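Asker:
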Amino acid sequence: MFYEPKNGHGLPHNPFGAIIAPRPIGWISTRSASGQDNLAPYSFFNAVAYEPPQVMFASTSGKPDRDEGKDTVGNIRDTGFFCVNVVSEALKDAMNATSAALPRDRDEFSVAGLDRAECQTIPCSRVVASPAALECKLVQIVELPGKMNRMVIGEVTGIHLRDDCLIDGKFDVTRFALLARLGYRDYTTVRDAFELSRPDD
Ligand SMILES: Cc1cc2nc3c(=O)[nH]c(=O)nc-3n(C[C@H](O)[C@H](O)[C@H](O)COP(=O)(O)O)c2cc1C
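Numbering that gives the first Met the number 0 applies: residue 0 is where the sequence shown begins, and numbers increase by one.
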């Protein structure tokens, strides 16, 4: 089949998210200007540069108690900081719980029963149980076409790696079964990996 998105897909569910898959999940912690911690998953997430290391995530739509966008983007706009926590299979239910559209004064760390630790380079909490966490300073918020579509780019200023996930000096995502998003309500986990040398290696 072929379809032009502006004309609709004619399928029971939108296939777009299933085509761009699997997507890593950026589980993003922020702190509001008044000191309230916030945590939410974003699968429109990726790395975009090595030197200096930079990541992006995108927020779509908004929530009833905000004029514009979601709490995560609002907090980052106010403070200039965020932390990306990596999600293991063991954290899937906690991650899912933090996706609820809670009022902005509710702390998702408490809602999901997660221990937090203070970041080292930014004033923000991180998820202690996450296999890795990236402390980020805001580079830019890009306004994308469409209602309240925003892409947030951050520079990584500190990286936490759980020691048990470092095997022979490599961060091993199979060790903790990295969780990734497919389309619809589907997820996958990374349980095996293979190596492929590049032609120039
Ligand atoms: C696995 C997963 C991935 C998600 N990815 C996104 C995303 O990329 N962009 C987005 O706007 N919302 C995404 N959501 C929904 C947000 O997590 C949800 O709207 C949340 O309430 C936002 O919280 P906040 O207002 O505290 O930022 C995702 C939800 C789940 C469960």
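The C-beta atom is built at its ideal place from N, Cα and C for all residues, glycine as well.
Predicted model only: the values in this text are computed from it and were never measured.
Count the other C-beta atoms from every protein chain shown that fall within 10 angstroms of the C-beta of Ser60, then say buried if there are 16 or more, exposed otherwise.
Answerer: Translated into the one-based positions of the sequence shown, residue 60 becomes position 61. By the 10 Å Cβ count, Ser60 comes out exposed.
Asker: Please state whether the Cβ-Cβ distance between Ala96 and Ala111 is less than 8 Å.
Answerer: Position 97 of the sequence shown, counted from the start, is the residue given in the question as residue 96. Position 112 of the sequence shown, counted from the start, is the residue given in the question as residue 111. Yes, they are a contact pair.
Asker: Could you tell me which whole beta strand (DSSP E) segments of length 3 or greater appear in the region 102 to 186?
Answerer: List check, beta strand (DSSP E) in window: 115 to 117, 124 to 126, 131 to 142, 149 to 160, 178 to 180.
Asker: Let me know if Arg149 comes out buried or exposed under the rule of 16 or more other beta-carbons within 10 Å of its beta-carbon.
Answerer: The residue labelled residue 149 in the question sits at position 150 within the sequence shown. Arg149 is buried by the Cβ-count criterion.
Asker: Take Leu133 as the anchor and find which of Asn37, Ala46, Ile166 has the nearest alpha-carbon.
Answerer: Locating residue 133 in the sequence shown gives position 134, where the first residue counts as 1. When only C-alpha atoms are compared, the closest one is Ala46.
Asker: CA-CA distance, Ser28 and Ala39?
Answerer: Taking the first residue of the sequence shown as position 1, residue 28 is located at position 29. Taking the first residue of the sequence shown as position 1, residue 39 is located at position 40. Roughly 7 Å between the two C-alpha positions.
Asker: What I want to know is whether the C-beta of Arg125 ends up closer than 7 Å to one or more non-hydrogen atoms of ligand 1.
Answerer: Taking the sequence shown and counting its residues from 1, one reaches residue 125 at position 126. Every heavy atom of ligand 1 is 7 Å or more from the Cβ of Arg125, so no.
Asker: Tell me which same chain residues have a C-beta within less than 8 Å of the C-beta of Tyr2, skipping the five on either side of it?
Answerer: Against the sequence shown, residue 2 aligns to sequence position 3. If we look at Tyr2 and ignore the five residues flanking it on each side, its Cβ neighbours are His8, Gly9.
Asker: Flag Arg174 as yes if its beta-carbon sits less than 8 Å from any beta-carbon of chain B, otherwise no.
Answerer: Among the chains of the structure shown, chain B does not appear; only one protein chain is present.
Asker: What separation, rounded to the nearest whole angstrom, lies between the Cα atoms of Pro198 and Arg174?
Answerer: One-based indexing of the sequence shown puts residue 198 at position 199. One-based indexing of the sequence shown puts residue 174 at position 175. Approximately 28 Å, taken between the alpha carbons.
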